[in-house]
Every structure is written in C-alpha cells, then in structure tokens.
Amino acid sequence: MGRKIIVAGAGHGGLIAGAALAEKGYDVTVYERHIKDELGYDWEDSVERKIFAECSLPEPDESEYRFSGPMKFYNPNLKTPLTVNPVGEGSVMIERKYIYKVLLENAEKKGVRFVFNTEILAPVMDGLRVVGIHTSDGDVFGDLVIDAAGINSPLRKNLPVCCNVDRDYGYGECFFAYRAYFDKLPAEEPDVKYEVFLIPGGEKGISWVITGENSVDVLIGRMAPLSKTELEAELETMRRFSPQIGKNLLRGGEICQIPVRRPLSVMVCDGYAAVGDSAYMTLPMTGSGICASMRAGKLLAEAVLEDKNDEFSAKTLWEYNKKYILHLGMNFAAIDILKNILLCTKVDGVNFLFDKQIITEKDMSFGKGAGGSVSFSDIASRAIRGVGNLPVLLRTAGALSKGDNAKKVYRQMPAEYDEAAVLKWKDDVLAATALMER
146 MGRKIIVAGA GHGGLIAGAA LAEKGYDVTV YERHIKDELG YDWEDSVERK
196 IFAECSLPEP DESEYRFSGP MKFYNPNLKT PLTVNPVGEG SVMIERKYIY
246 KVLLENAEKK GVRFVFNTEI LAPVMDGLRV VGIHTSDGDV FGDLVIDAAG
296 INSPLRKNLP VCCNVDRDYG YGECFFAYRA YFDKLPAEEP DVKYEVFLIP
346 GGEKGISWVI TGENSVDVLI GRMAPLSKTE LEAELETMRR FSPQIGKNLL
396 RGGEICQIPV RRPLSVMVCD GYAAVGDSAY MTLPMTGSGI CASMRAGKLL
446 AEAVLEDKND EFSAKTLWEY NKKYILHLGM NFAAIDILKN ILLCTKVDGV
496 NFLFDKQIIT EKDMSFGKGA GGSVSFSDIA SRAIRGVGNL PVLLRTAGAL
546 SKGDNAKKVY RQMPAEYDEA AVLKWKDDVL AATALMER
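Taking this note's numbering, the leading residue of the sequence shown gets 146, the next gets one more, and so forth.
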C-alpha cells in the first residue's frame with residue numbers, strides 16, 4: 146500500500162500537511178530549492194495567534210510578536226480613509242523567520258525528511274496521474290505530490306490541461322512587491338500604525354507604511370515590476386506623506402511576487418494537491434496568506450488520512466478542495482471582485498467611491514463575512530449618496546452584489562468529485578467572478 150508523500154517546496158501549508166502525515170506513519174520528504182537558512186523573507190507578517198494551537202504547534206512566547214491593530218485604507222486623494230480591523234481575532238505581527246523555525250522543528254520532530262538546494266522542474270506524469278517530480282538532481286517518485294512551491298510553481302504550470310487545474314494567473318492577479326524596513330525619524334505618530342494606500346499616484350497597486358517603535362515597514366506593490374528609478378521616486382513620494390520614513394535601509398529590500406486573486410477552483414487531480422501560494426491562498430487586497438495556507442495544510446492532511454485505500458485521487462482529495470473553498474476560499478473570491486473593481490476604476494472614480502461613502506468599512510472588512518451580502522437597502526442608500534456619478538455607482542453596486550452572488554455559486558460546488566459536474570461548476574465560478582469591464 147503506497148504511502149510515500151512528496152512535498153514540493155517548503156511552503157507553510159505543505160509543512161503543516163507533511164508533519165501531520167509523517168506523524169501518522171507516512172513517508173514524507175520535502176524538496177526545496179533554497180538552503181534551510183534562506184527560508185522565510187526577512188520581515189514580519191500578520192497572523193492569527195490562535196493558528197499555532199489550531200495546527201498543534203507550540204504557542205509563541207509574547208516576546209516573539211506584537212498585536213497588529215487596525216488598518217487604515219486611503220483612497221488616491223487621501224481625503225477619506227477607511228479604518229478596518231485586521232484579519233481574524235487576535236491578529237499579531239510576527240517574524241516570518243520565526244514561523245519557519247517553528248514549522249521546520251515541528252516537521253522534523255514528526256519525522257519529515259528534507260532535501261534542500263534542489264530545484265523543482267516539473268511534474269512526472271503517468272497518463273493523467275502525477276507520480277513524482279523532475280528535479281535538478283533527477284526524478285523522484287511518490288504516491289502523492291503536495292505542491293507548495295509558490296505562485297510560480299513549476300509543477301502547476303506544467304500540469305497537462307486534462308488535469309483541470311488552472312496553470313497560470315492573469316493581469317491583476319499578482320503583485321510585484323518591494324518590502325523594506327527603514328530607520329524611524331522623529332515625526333508625529335500616525336493615529337493608526339498600519340496605513341494602506343490604494344492606487345497610489347494613479348498606479349495600479351497598493352503601498353503601505355507600518356510605523357513601529359524603532360523602524361518603519363514599507364511595502365510598494367504594483368501589477369508590473371518597478372524599475373529602480375521608479376522605486377526610488379515612489380519612496381520619496383511616500384516620505385512626503387509619512388516623514389517618519391528614514392533613508393537608512395535596516396533590512397529587507399527584496400522584491401517578490403505575491404498572488405492577489407481568488408484561489409484555484411480546482412486544486413487537486415490524481416496524485417496531486419496544491420496548497421498555499423501554489424493555489425493562490427491569499428487575501429486579494431493585501432496578499433496575506435500564511436494562516437489560510439496553514440489551515441489548508443491541515444485540511445489536506447485530514448483528507449489524505451480519510452483516504453483509507455491510499456488512492457490519492459481527485460475523488461478522494463476533493464474533500465480537501467471542497468472544505469477549503471467553503472471555509473475560506475469563497476470569502477477571498479468575493480474580496481477579489483471588489484479589488485478588481487478598484488483596480489479597473491479610474492482614479493477620480495475611486496476617490497468618488499470613498500468620498501461619498503459608497504465603499505465602506507464593511508466592504509473592506511477581512512473578517513468571516515467579508516465581501517458580500519449587499520441588500521437592496523444598501524444599494525438604495527448608496528444610490529442616494531452616489532447620484533453625482535451614476536455610472537461608477539452602478540458598476541460598484543453591481544460588483545458588491547456580484548461578490549454575494551459568487552459566494553452562492555461557490556456553495557453549489559459538487560459534494561463529490563465528478564469531472565463533468567466539477568468542470569460545469571468551475572465555468573460557473575469563472576462567470577461569477579469575471580471582471581464586468583476593464
């Protein structure tokens with residue numbers, strides 16, 4: 146009875162799934178292109194403190210985190226910011242390096258083996274089934290491949306079309322993000338430490354400034370790569386609004402790619418399951434996805450353990466796919482629709498939406514009920530406020546209603562895997578989440 150699990154890439158969700166399976170006696174090996182000490186970006190991220198207990202990990206000491214607090218979203222003219230609560234309850238800012246330390250120690254303790262400094266090139270196929278991975282050191286075979294290799298996963302990108310897993314992302318679905326910590330200069334403290342700027346300077350993307358006690362965390366995310374000149378110019382613009390940002394780079398300064406789109410509708414096929422950034426498991430507005438990935442890893446392990454015959458097929462892995470979509474993915478998809486409307490609306494239109502309170506704190510909320518449930522009274526009240534720009538109002542109200550409708554479509558996903566039914570539902574999801582216009 147085959148029980149060999151390959152985890153391709155040391156993503157957060159893959160490490161959670163691998164550790165849970167190794168603990169139950171599965172033969173689990175993680176293949177990762179970086180060396181161990183290079184895992185994890187040199188910056189903090191927001192996570193829910195309870196995620197450690199959920200995933201049976203040791204609770205971090207209070208010295209390892211700080212509470213993240215609310216987020217203030219600015220429209221392009223900076224006149225009408227919206228303040229919303231962070232993702233989940235008890236959200237904290239914690240170093241990615243620390244999270245990796247905990248995940249790696251947990252995985253090793255549970256019996257997971259690691260092969261570092263090995264490039265993953267493509268899946269090994271046997272007909273319609275994934276049976277292993279091509280690596281820089283040769284082919285490796287297994288009974289299940291867990292794809293935790295990130296947004297540009299060479300496994301997902303090279304799957305045959307007949308596997309029914311979307312292989313690539315489109316415009317507006319990936320941020321090229323620069324993130325760095327600068328020294329903190331004497332200046333008036335902002336009332337909210339975490340400030341997010343939408344469509345800054347008319348550019349498609351976001352920027353943020355997180356003011357800490359001794360440093361300032363800066364992110365510049367765009368839909369296309371920034372040149373060094375453009376990056377320096379944007380930093381100077383940010384310093385004019387946030388004079389606490391110094392010029393001495395303390396750490397970070399990397400540019401990475403982050404998925405900012407709804408999750409894959411179909412993330413499994415025979416012998417294969419995608420998790421984390423490989424399956425686009427991030428909040429589309431900010432790119433935060435650690436907790437979602439870890440929860441997905443737990444769900445994936447549960448589905449594998451329920452597969453008593455070790456089939457590791459699309460049918461047996463569908464339970465993971467279904468639970469992730471219904472628990473988290475459909476809410477992220479609704480937020481994705483709002484993000485797309487903001488990106489595809491001209492700057493004056495975005496300012497109008499904020500200034501007239503047509504987009505509200507509720508719409509920007511990242512909690513359990515985010516991104517949907519727009520009632521007739523909601524639309525009516527927004528119509529009264531939005532008479533000065535009816536086309537923008539109608540388009541936005543339609544998008545908010547579209548988010549609610551998208552959730553309904555997601556809830557109609559097949560309870561069990563039937564290829565024809567899954568493909569029909571996948572097409573329905575695409576129609577429900579598609580941009581109304583660019």
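Every residue, glycine too, gets a C-beta built ideally from N, C-alpha and C. Fair warning: this is a prediction, and the values are worked out from it, not measured in the lab.
Asked, Found
"Name the one or two DSSP bridge partners that Pro268 has.", "Ile278"
"Using only CA atoms, which one of Tyr186, Ile403 and Tyr316 lies nearest to Leu488?", "Tyr316"
"Between Ala560, Asn222, Glu264 and Leu304, which has its C-alpha nearest Ala419's C-alpha?", "Leu304"
"Decide if the region 431-449 is in contact with the region 157-170; the criterion is three or more beta carbon pairs, one per stretch, under 8 Å apart.", "yes"
"Can you give the beta carbon distance from Thr431 to Pro404, rounded, assuming they're within the 8 Å contact cut?", "Not really, about 11 Å apart at Cβ, beyond 8 Å."
"I'd like the span of the alpha helix (DSSP H) that includes Phe197, first residue to last.", "Ile196 to Glu199"
"When you compare only the Cα positions, how much space is there between Ser372 and Glu348?", "14 Å"
"Could you spell out where the alpha helix (DSSP H) holding Tyr469 opens and where it closes?", "Ala459 to Tyr469"
"Can you grab the Cα-Cα spacing for the pair Leu300 / Tyr176, in whole Å?", "12 Å"
"In whole angstroms, what is the alpha-carbon distance linking Ile524 and Leu248?", "No answer about Ile524 holds up, because its pLDDT of 44 lies below 50 and its placement is not dependable."
"What's the gap between the Cα of Lys202 and the Cα of Leu568?", "According to the sequence provided, residue 202 is Leu. The question's Lys does not apply to it. Leu202 and Leu568: Cα-Cα distance of roughly 37 Å."
"Kindly indicate which three-state DSSP category Thr356 falls into: helix, strand or coil?", "strand"
"Return the residue from the list Cys414, Pro429 and Glu189 that minimises the CA-CA distance to Cys307.", "Cys414"
"In its own chain, which residues sit with a C-beta less than 8 Å from the C-beta of Met368, not counting the 5 before and 5 after it?", "Tyr316, Gly317, Cys319, Phe320, Phe321, Lys349, Gly350 and Leu488"
"Taking C-alpha atoms, which residue in Glu204, Arg211, Ala267 and Arg258 lies nearest to Ser191?", "Arg211"
"Can you give the Cα-Cα distance for Asp422 and Ala198, rounded to whole angstroms?", "22 Å"
"Where are the beta strand (DSSP E) runs, 3 residues long or more, that stay fully inside the region 300-355, in chain order?", "319-329 and 339-343"
"Under DSSP, the alpha helix (DSSP H) around Asp415 begins and ends at which residues?", "Unbroken run through Asp415: none, as it is neither H nor E."
"Note the first and the last residue of the continuous beta strand (DSSP E) segment covering Leu273.", "From DSSP, Leu273 is part of no beta strand (DSSP E); its letter is neither H nor E."
"Are Ala164 and Asn251 touching if we call contact CB-CB under 8 Å?", "yes"
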